[in-house]
(Lines of atoms letter the chains of each structure in order from A; the text may use other names.)
(Lines give C-alpha, C1' and ligand atoms only; values in the text may rest on other atoms or scores of the structure.)
Protein backbone atom coordinates (compact mmCIF):
# COMPACT_ATOMS: atom_id res chain seq x y z
CA UNK A 17 0.00 0.00 0.00
CA UNK A 18 1.17 3.62 -0.53
CA UNK A 19 3.00 5.12 2.43
CA UNK A 20 0.21 7.65 3.06
CA UNK A 21 -2.56 5.00 3.22
CA UNK A 22 -5.20 5.53 5.91
CA UNK A 23 -5.96 2.38 7.90
CA UNK A 24 -9.08 1.98 9.99
CA UNK A 25 -10.77 -0.90 11.77
CA UNK A 26 -13.44 -1.57 14.38
CA UNK A 27 -13.63 -2.86 17.95
CA UNK A 28 -16.51 -4.15 20.04
CA UNK A 29 -17.09 -4.83 23.73
CA UNK A 30 -15.72 -8.38 24.10
CA UNK A 31 -18.70 -9.38 26.21
CA UNK A 32 -21.25 -8.90 23.42
CA UNK A 33 -18.67 -9.86 20.79
CA UNK A 34 -18.07 -13.21 22.52
CA UNK A 35 -21.80 -13.88 22.88
CA UNK A 36 -22.18 -13.23 19.17
CA UNK A 37 -19.16 -15.42 18.35
CA UNK A 38 -20.62 -18.29 20.36
CA UNK A 39 -23.70 -18.17 18.16
CA UNK A 40 -22.02 -17.50 14.83
CA UNK A 41 -18.96 -19.77 15.17
CA UNK A 42 -20.60 -22.60 17.11
CA UNK A 43 -19.83 -25.15 14.41
CA UNK A 44 -16.31 -23.82 13.73
CA UNK A 45 -14.81 -23.56 17.23
CA UNK A 46 -14.34 -26.88 19.09
CA UNK A 47 -14.59 -25.06 22.44
CA UNK A 48 -18.06 -23.78 21.54
CA UNK A 49 -19.14 -26.97 19.80
CA UNK A 50 -18.32 -29.13 22.84
CA UNK A 51 -20.11 -26.83 25.26
CA UNK A 52 -23.85 -27.48 25.67
CA UNK A 53 -24.58 -23.77 26.09
CA UNK A 54 -22.97 -20.38 26.58
CA UNK A 55 -23.90 -20.56 30.27
CA UNK A 56 -22.03 -23.86 30.61
CA UNK A 57 -19.03 -22.43 28.78
CA UNK A 58 -18.94 -19.39 31.08
CA UNK A 59 -18.99 -21.54 34.21
CA UNK A 60 -15.79 -23.34 33.17
CA UNK A 61 -14.33 -22.28 29.82
CA UNK A 62 -11.08 -24.19 30.36
CA UNK A 63 -13.09 -27.40 30.45
CA UNK A 64 -13.83 -26.96 26.72
CA UNK A 65 -11.04 -24.72 25.44
CA UNK A 66 -7.79 -26.08 24.01
CA UNK A 67 -5.74 -23.34 22.31
CA UNK A 68 -3.95 -25.75 19.99
CA UNK A 69 -7.15 -26.95 18.30
CA UNK A 70 -7.93 -25.41 14.93
CA UNK A 71 -10.86 -23.00 15.12
CA UNK A 72 -10.47 -22.18 18.80
CA UNK A 73 -9.08 -18.75 17.96
CA UNK A 74 -12.78 -17.84 17.65
CA UNK A 75 -13.30 -18.74 21.30
CA UNK A 76 -10.88 -16.38 23.05
CA UNK A 77 -9.49 -12.89 22.31
CA UNK A 78 -10.74 -12.93 18.73
CA UNK A 79 -10.17 -9.19 18.17
CA UNK A 80 -6.60 -9.49 19.41
CA UNK A 81 -6.09 -12.37 16.95
CA UNK A 82 -7.70 -10.48 14.07
CA UNK A 83 -5.43 -7.49 14.63
CA UNK A 84 -2.43 -9.82 14.34
CA UNK A 85 -1.12 -9.05 17.82
CA UNK A 86 1.23 -11.47 19.60
CA UNK A 87 -0.21 -13.82 22.18
CA UNK A 88 0.67 -12.18 25.50
CA UNK A 89 -0.10 -12.91 29.13
CA UNK A 90 -2.87 -10.45 30.07
CA UNK A 91 -1.23 -9.92 33.46
CA UNK A 92 1.74 -8.19 31.79
CA UNK A 93 0.31 -4.67 31.41
CA UNK A 94 3.55 -3.22 30.06
CA UNK A 95 3.68 -5.69 27.16
CA UNK A 96 -0.03 -5.28 26.45
CA UNK A 97 0.23 -1.48 26.43
CA UNK A 98 3.28 -1.60 24.16
CA UNK A 99 1.40 -3.81 21.66
CA UNK A 100 -1.59 -1.47 21.69
CA UNK A 101 0.54 1.62 21.17
CA UNK A 102 2.16 -0.03 18.13
CA UNK A 103 -1.29 -0.85 16.83
CA UNK A 104 -2.49 2.71 17.39
CA UNK A 105 0.47 4.00 15.35
CA UNK A 106 -0.83 2.01 12.35
CA UNK A 107 -4.56 2.69 12.52
CA UNK A 108 -5.70 6.25 12.08
CA UNK A 109 -9.13 5.41 13.44
CA UNK A 110 -10.68 2.46 15.26
CA UNK A 111 -14.47 2.56 15.13
CA UNK A 112 -16.69 1.28 17.95
CA UNK A 113 -19.50 -1.11 17.11
CA UNK A 114 -21.62 0.22 19.99
CA UNK A 115 -21.38 3.75 18.58
CA UNK A 116 -21.39 2.93 14.89
CA UNK A 117 -23.09 6.08 13.64
CA UNK A 118 -20.66 8.32 15.51
CA UNK A 119 -17.87 6.14 14.10
CA UNK A 120 -19.10 6.66 10.55
CA UNK A 121 -19.20 10.40 11.08
CA UNK A 122 -15.57 10.38 12.24
CA UNK A 123 -14.58 8.17 9.30
CA UNK A 124 -16.33 10.45 6.81
CA UNK A 125 -14.58 13.47 8.31
CA UNK A 126 -11.15 11.80 8.29
CA UNK A 127 -11.44 10.79 4.63
CA UNK A 128 -13.36 13.85 3.39
CA UNK A 129 -16.11 11.62 2.02
CA UNK A 130 -19.62 12.80 1.06
CA UNK A 131 -22.48 11.80 3.33
CA UNK A 132 -23.78 9.06 1.02
CA UNK A 133 -20.43 7.26 1.24
CA UNK A 134 -21.28 6.22 4.81
CA UNK A 135 -25.03 5.71 4.46
CA UNK A 136 -25.19 1.95 4.97
CA UNK A 137 -27.55 -0.79 6.13
CA UNK A 138 -26.30 -2.89 9.08
CA UNK A 139 -25.28 -6.40 8.05
CA UNK A 140 -24.58 -9.79 9.58
CA UNK A 141 -26.85 -9.25 12.56
CA UNK A 142 -29.52 -11.27 14.28
CA UNK A 143 -33.03 -10.12 15.03
CA UNK A 144 -32.97 -8.37 18.43
CA UNK A 145 -35.33 -10.97 19.93
CA UNK A 146 -32.79 -13.68 19.07
CA UNK A 147 -29.88 -12.07 20.92
CA UNK A 148 -29.17 -13.60 24.32
CA UNK A 149 -29.31 -10.90 27.00
CA UNK A 150 -26.22 -10.93 29.20
CA UNK A 151 -26.32 -10.37 32.93
CA UNK A 152 -23.74 -8.14 34.57
CA UNK A 153 -22.00 -11.27 35.89
CA UNK A 154 -21.92 -12.84 32.41
CA UNK A 155 -20.39 -9.69 30.94
CA UNK A 156 -17.73 -9.66 33.63
CA UNK A 157 -16.87 -13.33 33.02
CA UNK A 158 -16.64 -12.80 29.27
CA UNK A 159 -14.40 -9.76 29.69
CA UNK A 160 -12.14 -11.69 32.06
CA UNK A 161 -11.95 -14.67 29.70
CA UNK A 162 -11.16 -12.29 26.82
CA UNK A 163 -8.84 -10.09 28.88
CA UNK A 164 -6.62 -9.08 25.94
CA UNK A 165 -9.69 -8.06 23.93
CA UNK A 166 -10.95 -6.08 26.91
CA UNK A 167 -7.63 -4.24 27.19
CA UNK A 168 -7.81 -3.48 23.45
CA UNK A 169 -11.39 -2.25 23.70
CA UNK A 170 -10.71 -0.03 26.72
CA UNK A 171 -7.70 1.49 24.95
CA UNK A 172 -9.53 2.35 21.75
CA UNK A 173 -12.70 3.36 23.56
CA UNK A 174 -10.64 6.06 25.26
CA UNK A 175 -9.04 7.30 22.03
CA UNK A 176 -12.40 7.19 20.25
CA UNK A 177 -14.05 9.58 22.69
CA UNK A 178 -11.03 11.85 22.56
CA UNK A 179 -11.62 12.11 18.81
CA UNK A 180 -15.34 12.78 19.39
CA UNK A 181 -14.45 15.59 21.79
CA UNK A 182 -12.10 17.10 19.20
CA UNK A 183 -14.85 16.83 16.58
CA UNK A 184 -17.32 18.62 18.85
CA UNK A 185 -20.31 17.19 20.72
CA UNK A 186 -22.93 19.45 19.11
CA UNK A 187 -21.48 18.97 15.64
CA UNK A 188 -21.44 15.20 16.20
CA UNK A 189 -25.09 15.20 17.26
CA UNK A 190 -26.07 17.13 14.13
CA UNK A 191 -24.05 14.88 11.82
CA UNK A 192 -25.45 11.69 13.37
CA UNK A 193 -28.96 13.08 12.89
CA UNK A 194 -28.28 13.76 9.20
CA UNK A 195 -26.83 10.29 8.74
CA UNK A 196 -29.81 8.56 10.35
CA UNK A 197 -32.34 10.60 8.38
CA UNK A 198 -30.60 9.70 5.13
CA UNK A 199 -30.38 6.01 6.07
CA UNK A 200 -34.09 5.89 6.92
CA UNK A 201 -34.93 7.57 3.63
CA UNK A 202 -32.85 5.05 1.72
CA UNK A 203 -34.46 2.16 3.61
CA UNK A 204 -37.92 3.40 2.59
CA UNK A 205 -36.72 3.84 -0.96
CA UNK A 206 -34.86 0.53 -1.30
CA UNK A 207 -36.23 -2.13 0.99
CA UNK A 208 -39.34 -4.25 0.98
CA UNK A 209 -40.97 -3.47 4.30
CA UNK A 210 -38.48 -0.69 4.97
CA UNK A 211 -36.08 -2.82 7.00
CA UNK A 212 -34.44 -6.20 7.62
CA UNK A 213 -36.23 -9.52 7.04
CA UNK A 214 -35.33 -13.12 7.96
CA UNK A 215 -32.35 -14.03 5.82
CA UNK A 216 -33.85 -17.29 4.63
CA UNK A 217 -36.78 -15.38 3.12
CA UNK A 218 -34.55 -13.33 0.79
CA UNK A 219 -35.22 -14.90 -2.61
CA UNK A 220 -32.31 -13.26 -4.44
CA UNK A 221 -29.20 -15.37 -3.83
CA UNK A 222 -26.96 -12.35 -4.36
CA UNK A 223 -28.59 -10.74 -1.32
CA UNK A 224 -29.22 -13.77 0.90
CA UNK A 225 -26.95 -13.71 3.96
CA UNK A 226 -24.94 -16.71 5.12
CA UNK A 227 -26.61 -18.69 7.92
CA UNK A 228 -24.23 -20.23 10.47
CA UNK A 229 -26.50 -23.20 11.24
CA UNK A 230 -26.39 -25.71 14.11
CA UNK A 231 -29.11 -24.03 16.07
CA UNK A 232 -27.57 -20.58 15.84
CA UNK A 233 -29.89 -17.62 15.58
CA UNK A 234 -30.65 -16.79 11.96
CA UNK A 235 -28.94 -13.79 10.39
CA UNK A 236 -31.30 -11.18 8.94
CA UNK A 237 -30.97 -9.70 5.46
CA UNK A 238 -32.65 -7.34 3.02
CA UNK A 239 -35.09 -7.78 0.14
CA UNK A 240 -35.35 -5.01 -2.42
CA UNK A 241 -38.60 -3.34 -3.39
CA UNK A 242 -40.09 -4.27 -6.73
CA UNK A 243 -40.09 -1.71 -9.53
CA UNK A 244 -36.78 0.01 -8.77
CA UNK A 245 -35.23 1.81 -11.72
CA UNK A 246 -31.73 0.85 -12.92
CA UNK A 247 -29.94 3.61 -10.99
CA UNK A 248 -31.86 3.01 -7.77
CA UNK A 249 -31.46 -0.75 -8.09
CA UNK A 250 -27.69 -0.49 -8.45
CA UNK A 251 -27.39 1.76 -5.39
CA UNK A 252 -29.86 -0.22 -3.29
CA UNK A 253 -28.35 -3.55 -4.25
CA UNK A 254 -24.92 -2.33 -3.22
CA UNK A 255 -26.27 -1.35 0.21
CA UNK A 256 -28.19 -4.63 0.64
CA UNK A 257 -25.42 -7.02 -0.45
CA UNK A 258 -24.00 -9.15 2.41
CA UNK A 259 -20.27 -9.05 3.07
CA UNK A 260 -19.44 -12.47 1.59
CA UNK A 261 -21.07 -11.67 -1.75
CA UNK A 262 -19.53 -8.19 -1.64
CA UNK A 263 -16.10 -9.74 -1.10
CA UNK A 264 -16.67 -11.95 -4.16
CA UNK A 265 -17.65 -8.88 -6.19
CA UNK A 266 -14.50 -7.04 -5.16
CA UNK A 267 -12.33 -10.07 -5.96
CA UNK A 268 -13.83 -10.31 -9.45
CA UNK A 269 -13.15 -6.63 -10.01
CA UNK A 270 -9.58 -6.90 -8.74
CA UNK A 271 -8.52 -10.31 -10.08
CA UNK A 272 -11.01 -11.12 -12.83
CA UNK A 273 -13.83 -13.64 -13.22
CA UNK A 274 -11.53 -16.62 -12.66
CA UNK A 275 -11.43 -15.82 -8.90
CA UNK A 276 -15.17 -16.34 -8.48
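Residue numbers (my numbering): 17 to 276.
Yeah, the Cβ is synthetic: ideal placement off N, Cα and C, and Gly gets one too.
No experiment lies behind these values; they were computed from the predicted model shown.
By the beta-carbon neighbour count (other beta carbons within 10 angstroms, threshold 16), residue 102 is exposed. The continuous stretches of alpha helix (DSSP H) do not include residue 69, and DSSP gives it neither H nor E.
Minimum Cα-Cα distance from residue 26 among the listed residues 117, 161, 189 corresponds to 117.
Excluding residues up to 5 positions away in sequence, 22, 24, 108, 109 lie with their Cβ nearer than 8 Å to the Cβ of residue 126 in the same chain. The residue among 112, 52, 19, 167 with its C-alpha nearest the C-alpha of residue 85 is 167. If you draw a straight line from the Cα of residue 163 to the Cα of residue 36, it is about 17 Å long.
When the five nearest sequence neighbours on each side are left out, the beta carbons in the same chain lying within less than 7 Å of the beta carbon of residue 261 are those of 222, in order along the chain. DSSP links residue 25 through a beta bridge to 110. In the structure shown, the three-state DSSP call for residue 207 is strand. Contact annotation: the stretch 151 to 165 touches the stretch 75 to 83, with at least three C-beta pairs closer than 8 Å.
In the three-state reduction of the DSSP assignment, residue 265 falls in the helix class. Excluding sequence positions up to five before and after residue 237, its CB lies within less than 7 Å of the CB of 212, 213, 215, 218, 223, 224, 225, 258, all in the same chain and listed in chain order. When DSSP states are grouped into helix, strand and coil, residue 244 belongs to the coil group. Rounded to the nearest whole angstrom, the C-alpha separation of residue 91 and residue 138 is 36 Å. In this structure, the alpha-carbon of residue 68 lies about 15 Å from that of residue 61. By the Cβ criterion, the stretch 130 to 137 is in contact with the stretch 190 to 202, since at least three pairs of Cβ atoms, one from each stretch, lie closer than 8 Å.
Separation of the CB atoms of residue 157 and residue 58 is rounded to 5 Å, and the pair is thereby assigned contact status at 8 Å. With a beta-carbon spacing of about 16 Å, residue 48 and residue 31 fall beyond the 8 Å limit used to define contacts.
Straight-line spacing of the CA atoms in residue 105 and residue 245 works out to 45 Å. Contact between residue 266 and residue 253 is ruled out by a C-beta separation of about 14 Å, above the 8 Å threshold. When secondary structure is reduced to three states using DSSP, residue 221 falls in the coil class, being assigned neither helix nor strand. Leaving aside the five residues that flank residue 45 on each side, the residues in its chain whose CB is nearer than 7 Å to its CB run, in chain order, 71, 72, 74, 75. In this structure, the alpha-carbon of residue 169 lies about 12 Å from that of residue 177.
Around the CB of residue 17, fewer than 16 other CB atoms lie within 10 Å, so the residue is classed as exposed. Of the residues 97, 242, 149, the one whose Cα lies closest to the Cα of residue 210 is 242.
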